Structure formats: structure tokens, C-alpha cells
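Residue numbers (this note's numbering), protein chains in the order written: chain A, 963 to 1105; chain B, 963 to 1105.
What follows is one structure encoded as C-alpha cells, with my remarks underneath.
2 protein chains.
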Amino acid sequence: MTATSDAEHALRGASLRVTRPRVAVLAAVHEHPHADTDAIIRAVRSGTGGVSTQAVYDVLRALTSAGLVRRIEPAGSVARYEARVGDNHHHVVCRSCGAIADVDCAVGAAPCMAASDDHGFSIDETEVTHWGVCPDCTTAHSP
Amino acid sequence: MTATSDAEHALRGASLRVTRPRVAVLAAVHEHPHADTDAIIRAVRSGTGGVSTQAVYDVLRALTSAGLVRRIEPAGSVARYEARVGDNHHHVVCRSCGAIADVDCAVGAAPCMAASDDHGFSIDETEVTHWGVCPDCTTAHSP
DNA sequence: GCGTAATTTGGAACGATTCAAGATTGGTAA
DNA sequence: TTACCAATCTTGAATCGTTCCAAATTACGC
């Protein structure tokens, strides 16, 4: 599979050992954008068989700190992971069903980065989350 | 105290029953901006005596849905509450110590609200979180 | 091929939050 | 004012996602 060799290559590039769980988790994140940990665990298990829960948590943390995946955590939701890293995009979250969609930044490369008063903080990242209701839930609520 | 009567007035204005736990919690949120639930519980107990943990959780939820307080929840942190509602401001969060500071929006009234592609979502709120390191942690790390 | 060190495993622990049932209180109408 | 009803508080326990621990396994570099 291409996904597997891509994952393998990405792991090597990040100086991470190439193990079966890591390849499987990385491939699962690529295949299921915005999946939570439980969904990733299930996806990995259905694909390659026995992988422990802790292995997935640990791999996800390793991949996150290596910058291969990005951890997103909308308020009131569990942690989710996505494979789109490096580009500047944000998210829309459905208040009703929790669905997440990617939103490219409207302003350009570094949106809203300019805080009017940064209180002396050295800001290195700015996160934008749009809250609303997704099309499915909108039609479901007003038939 | 003025804080207490203010809280009482705010509760009545929101058609919420005025109870001792509610007044105490609302006053505590006003006195401690960005406090987490545990800090609020401790503040309330030191002030008015016995209030159950669940009462505080329930009151905070009631106040949040009534719009009297705003719940903020930076990724990797516990829920925090603030009393500044209605104005359009965002937050800077310290990656090191978790400190939170308010940031008025640089763009104006509705910043970054324009998503380039909203995927059909009806967006009603946009949340901006800046991540960085606060002055205290910066000096602590490079003396 | 071998050794070392990282990695995975399985179990258990943890903290924040929520659930359930009963007692109590606040608001309101008589 | 008094009594009523429903909302709210208390007590106690349970749930969920996540992390920690020690032991066994595995992969990588030489």
C-alpha cells in the first residue's frame, strides 16, 4: 500500500523507529481526518490486529511531538488528531453532532496573529475555531 | 458587598433563582478571572461555607447557558470560567504554566469570522486562542 | 548475528465530570 | 402571609478519557 510506505517514510524522516503500530496509527490518521483516539484504535485493530490501547496513546503522543500529526481538542470534546500539518488551516465544529471540517484561513498566511496587546507573551501559534451547526444537523432540526 | 448584590441582580435579570451557591459562584468568577472549577469551589467554600462540588458544577453550567459567564477550555487544560461576556475578546495561553490573559481583538468587532469556505455550516461564534509563553516563564527559562 | 535501548503490553490508577435519588429551598399565587 | 410546586442543593457513587507502572518484547546500529 502507498499509505503504509508513506507512513514508513514519514516516520524515518522524523527519526522515529518504524514499528507496526506506528505505521498503522499514522495511516489511520491519514485515512480518518479528525478521528478521536477511540476511532483510531478501532481502525488500527480492524486493519492490523492486536494493538494495545496504550500503544496507540503513546504513538499518538510521539507523532504529535514529532510534528507528524496535529492534536486538536475542541472544548467539550475528546482529543482528535489530523494529518494536515504545516499549513495554516482552522476548523469548524458542529455544536450539535461534533463534526469537524477544515477551513482554510480567509486572511492569508497568518490570520489574527496580530494580538492587539500580547501582555508580554511570546506567541508562536494562533488557533481559530468556528462554532456552528453543520448542514446535516440544520436540516434535521428544521424539516 | 457590592459584588454580592451585583450577582443577585444579574441572576434575577437572567430569570435564575437567587440561591446562596449561585451568588457565591458568580461572585467568585468575577473575582477570579479564568479560574478553573476547583479554584472556584475553594473560593466559594472559603467565603460562604459548605457548598457541594456538584452544586458548583451545576451552577456553572446554568450560568454558562444563561450567558452570565463564559466557559473557556484551552486544549490540554481543564474548564475555566470568566465573567467577561458580550464583548469580543480572545485569549493568550501560556504553554508552560497555563496562565491565561485576555486579548482584545485586533481586527475589530468580528475578526476572522469570514471563513473562506464554511462547508455549509451556519457559524455563530468564532474563537481565537493564541499560544505562547508568558513573561514569567520566559524569564525563568532564560535567566 | 548481537547487544543495547527504546517500545509495547497488560493492568491498574487517576482526576475531572456526571448521574441518581432524596431533602430542601425559592418564587409565586391564593 | 401562608402554602404549594417546581427548581435546586446534598450525598454518594459511577463513568469516561487518559496516564502511569513494571516486565517482556522488539527493532536498530555495529
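Here a beta-carbon is modelled for each residue, glycine too, at the ideal position from N, C-alpha and C.
For clarity, every value in this text was computed on a predicted model and none was experimentally measured.
Mind checking who residue i pairs with in its DSSP beta bridge?
i	result
B/Thr-999	Per DSSP, none; premise fails for B/Thr-999.
A/Glu-1089	B/Thr-1091
B/Ala-1063	B/Val-1054
A/Ser-1084	B/Val-1095
Using a Cβ-Cβ cutoff of less than 6 Å, which residues in the same chain neighbour residue i once the five nearest sequence positions on both sides are dropped?
i	result
B/His-1092	Val-1054
B/Glu-1044	Pro-995, His-996, Arg-1032
A/Ala-1063	Val-1054
B/Ala-969	Val-985, Leu-988, Ala-989
B/Pro-1105	Only weak support is given to the placement of B/Pro-1105: the predicted model assigns it a pLDDT of 44, under 50, and the value that follows is read from those uncertain coordinates. Closer than 6 Å at Cβ, skipping near neighbours: no residue.
Residues in its own chain within less than 7 Å of residue i by CB, not counting five upstream and five downstream?
i	result
B/Ala-986	Val-1006, Gly-1009, Thr-1010, Val-1013
A/Arg-982	Thr-1010
B/Ser-1039	Gly-1060
B/Ala-1028	Ala-976, Leu-978
B/Cys-1099	Cys-1056, Ser-1058, Cys-1059
B/Asp-998	Val-1040, Ala-1041, Arg-1042
Skipping 5 residues on each side, what residues in its chain have a beta carbon closer than 8 Å to that of residue i?
i	result
A/Ile-1002	Val-987, Ala-990, Val-991, His-994, Val-1018, Leu-1022, Tyr-1043
A/His-1051	Asp-1064, Val-1065, Asp-1066, Cys-1067
A/Pro-1036	Arg-1042, His-1053, Val-1055, Gly-1060, Ile-1062, Thr-1091
A/Val-980	Glu-970, Leu-973, Arg-974
A/Ile-1034	His-996, Ala-1041, Arg-1042, Tyr-1043, Glu-1044, His-1053, Ile-1062
A/Asp-1000	Val-1040
A/Ala-1024	Leu-978, Arg-984
A/Thr-1015	Ile-1003
Quiz item: According to a CB-to-CB cut-off of less than 8 Å, which residues of the stretch 1036-1050 of chain B neighbour chain A?
Solution: For chain A, the residues of the stretch 1036-1050 of chain B that bring a beta carbon within less than 8 Å of one of its beta carbons are Ala-1037, Gly-1038, Ala-1041, in chain order.
Exercise. Entirely within the stretch 984-1052 of chain A and at least 3 residues each: give me those beta strand (DSSP E) ranges in chain order.
Key: 1032-1034, 1042-1044
Quiz item: Got a sec: which bits of the stretch 993-1004 of chain B sit with their beta carbon under 8 Å from any beta carbon on chain A, in order along the chain?
Solution: none
Exercise. For the stretch 1079-1097 of chain A, enumerate the residues whose C-beta is nearer than 9 Å to any C-beta of chain B, in chain order.
Key: Cβ contacts with chain B: Asp-1079, Asp-1080, His-1081, Gly-1082, Phe-1083, Ser-1084, Ile-1085, Asp-1086, Glu-1087, Thr-1088, Glu-1089, Val-1090, Thr-1091, His-1092, Trp-1093, Gly-1094, Val-1095, Cys-1096, Pro-1097.
Quiz item: Using a Cβ cut-off of 8 Å, which residues of the stretch 1011-1027 of chain B contact any Cβ in chain A, in chain order?
Solution: Within the stretch 1011-1027 of chain B, no residue has its Cβ closer than 8 Å to any Cβ of chain A.
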